[in-house]
Structure formats: C-alpha cells, structure tokens
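Residue numbers (the numbering used here), protein chains in the order written: chain G, 22 to 202; chain B, 22 to 202. Every residue, glycine too, gets a C-beta built ideally from N, C-alpha and C. Just so you know, these numbers come straight off a predicted model, no measurement behind them.
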Ligand SMILES: [Mg+2]
Ligand SMILES: [Mg+2]
C-alpha cells in the first residue's frame, strides 16, 4: 500500500507539533515546550575526560501531559495523540493521571485540550478537554471511545499549513474569546 | 563543623519545592511540576519479559527552567537555585537559555521568578525575574553577581513553614495584586 502524505512528509504528530511550537517561539507568539520523557536513572558512569554516561535507566510513566506553556497570559496544557482508528478515538489512549492532570489544570483556569490525529487520513482535530472528560467519566457505563462524528462536531478541524504546520493557536484564540463572553 | 538545619531536615531546595508543590497540588491550590531532566537516549535494550532498559544515554542541557504550571489562571515559571555564597548570588548559576526562556515567558504575560537559597544560612528568597534580568543584562559591564542586599530589598524573604514547607504562593499573590494595579 502506498503511503499518502500531505504537508507533513511522514512526520509523527509530535514532530509536527514540535515544529509548530518552534515557529511560535521564534516569532514571540507563544512559549510552548514538549516536556522531556521522565527517566529513572539507576547507574551513571563518570569517565575522566568526557561527559557522564547513563548506563542504566528506566522509562517512568509521565505524571502530566505532553506539552505546556504560556500564550497571551493563558496557561496552555495539552496532549498529542495519534490513532489508526477510522471511526472513533479509543479512550485507552489516555492514562488516568493525564486526565486528572488536565482536570486540575482546567480548574486552575488553564486551557486544556488534546490534539488528535487520525493518521490514516492525516486529519487533525483540537478537542477541548471538557469533551474528553465527558466521555472519560462515562467510559465504564457507556462506550470506551469518542465517536469521530463527535470530535468533528465538538472539536475543531485543523488544516495543515506551511507555516506553522499545525496552526492550533488560531483555535485557542477562539476558545479564549468564547471564555470572555 | 556542625551542620545546622531548620525546618527542612537537610533537604535540597529542589526537594523542598517538590514537597511544597505536592502540598499545593493535593489541595487543589495550584498545579506546578518539576520538569524532568532532558536526556539523550542512545541505546535501549528490550528484554523479553521485562521493562525496557536504557543502556546508554547522556544528560542534555535543559532549554527551559526547573518548574512551571498554573495558579489562579496565571502561568508560573521559575528556577530554583542554591548558593554557598554569603554576600551575593553569582549570575553564572544561570545559563543564557534559562534567562531567554524567562524573558519570553514574561513577555507572554507569565509570572517568572527565581527561588534562591543561601544554603549556609538556610535563607530563601523569591526574586522576581525583572531583578535577575537587570543584573544579567549588565553582567559584562558591571558586576557578575547580585548583591544579597538587593535580593533582600527587591526580593521577598520566605519563612519556612510546616505546611507547606516554602509557602511561595503567598508572594505570588502579592505579585498578582501588584500587576492588577
Ligand atoms: Mg502523547
Ligand atoms: Mg535549578
């Protein structure tokens, strides 16, 4: 099967967002960074004339989300998630503590969301955290995924652009203006 | 020489702040986290029945500060620094990109500062980023450190408490109310 790519030349969603954030940072538009992966370091070697080498370490589960930062005085906090599903976004893509973290940030007045990429069709949506919480909180009683139709209705489609690649702050502007009403 | 400790029982400043942030998070007061140390992973082993082991990795220089998060709708961003100096805080404790990051965050409306601990006397001060910038920008022309007297005048002394250990959000409240004037 031939892989079709559009603007993004086969980058992962994270790489695309990193490039977008770099664009925003370099122009003084927003300061958003990817958080480093948390690592449990067990053993480090300190050779005499060169840099310290980590010889044994383990991946730890992140206690927060992928990205956070500041934009127009607002605290932004979001996850990036890709799925190969066609008709829905499975909620088991989230860890409980990621949801808890987004709920806590939202409660403090932060703007929280998830950027979801349907990788087979290269479609990207910004989904406000409220939508995620609504389905998450009912996942044992009702369905364990968010239908794509809901994501299309309650979320925001993001068109790939050249600069920046994923102009998600346009949608954040909309969320901010809705808040101020 | 006998080591004198007060409230903190020999914890490092980072440990003290981590405990403080945990207190704030658990009570829904603020969501502030320490960012993980950035690591360049070179070689990972995937044993059959157990967790992946990082076999070779290197420390990378952080491109941001130690802590960030959200409090009363405000974006907070800060560094924690300890010094054994008695009369001043040497500016070479900062990397240029940490200063650049704080400047960029401040420009976006974030609240940026450094928590400085004079470890010999166990004194802690919250120093607003503007003070740091002022001395940093003149470090080649004038002195390469911030006098402790300036830190005492323009910064804010933080008294150790039992809960939370370093109640720095009280001072952030003050900074917020000053802004709103
Ligand atoms: Mg992710
Ligand atoms: Mg530090």
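The CB of residue 101 of chain G never comes closer than 9 Å to any CB in chain B; the least such distance is about 17 Å. Beta-bridge partners assigned by DSSP to residue 90 of chain G: G:53, G:97. It is roughly 20 Å from the alpha-carbon of residue 100 of chain B to the alpha-carbon of residue 31 of chain B.
Contact with chain G is found for residue 129 of chain B, since one of that chain's Cβ atoms lies less than 7 Å from the residue's Cβ. Close to chain G, meaning a Cβ-Cβ distance shorter than 7 Å, are the following residues of the segment 55-73 of chain B: 56, 57, 58, 59, 60, 72, 73. Taking a C-beta cut-off of 8 Å against chain G, the contacting residues of the segment 131-158 of chain B are 131, listed in chain order. Taking C-beta atoms under 8 Å as the contact rule, residue 166 of chain G and residue 110 of chain G qualify, at a distance of about 6 Å.
Residue 154 of chain B is bridged by DSSP to nothing; it lacks a bridge partner. Rounded to whole angstroms, the gap between the alpha carbons of residue 127 of chain B and residue 102 of chain G is 29 Å. The bridge partners DSSP lists for residue 66 of chain B are B:74. Distance from the CA atom of residue 123 of chain B to the CA atom of residue 49 of chain G, rounded to whole angstroms, is 12 Å. Within the model, the alpha-carbon separation for residue 155 of chain B versus residue 140 of chain B is close to 24 Å. With contact defined as three or more Cβ pairs closer than 8 Å, the segment 87-94 of chain G and the segment 142-150 of chain G are not in contact. Within the segment 37-54 of chain G, those residues whose Cβ lies closer than 9 Å to any Cβ of chain B are, in chain order, 46, 49, 50, 51, 52, 54. Residues whose Cβ lies closer than 7 Å to any heavy atom of ligand 1, listed in chain order: G:35, G:87, G:100, G:101, G:102. 79, 80, 81, 83, 84, 85, 89, 90, 91, 92, 93, 94, 95, 96, 97, 98: these are the residues of the segment 79-113 of chain G whose beta carbon lies less than 9 Å from some beta carbon of chain B, given in chain order. In its chain, beyond the 5 residues on either side, 81, 83 have a beta carbon closer than 7 Å to the beta carbon of residue 59 of chain G. A Cβ-Cβ distance of about 7 Å is found for the pair residue 79 of chain B and residue 74 of chain G, placing them in contact under the 8 Å criterion.
Among the CB atoms of chain G, none fall inside 7 Å of the CB of residue 197 of chain B. By the criterion of a C-beta distance shorter than 7 Å, residue 44 of chain G is surrounded in its chain by 184, 185, once the five residues flanking it on both sides are discounted. Contacts with chain B at 7 Å (Cβ-Cβ) include residue 75 of chain G. Flagged as an interface residue toward chain G: residue 125 of chain B, by a C-beta distance shorter than 7 Å. A straight line joining the alpha-carbon of residue 34 of chain B with that of residue 187 of chain G spans about 39 Å. Burial check for residue 37 of chain G: the Cβ neighbour count within 10 Å reaches 16 or more, so the residue is buried. DSSP, read as helix, strand or coil, puts residue 47 of chain G in helix.
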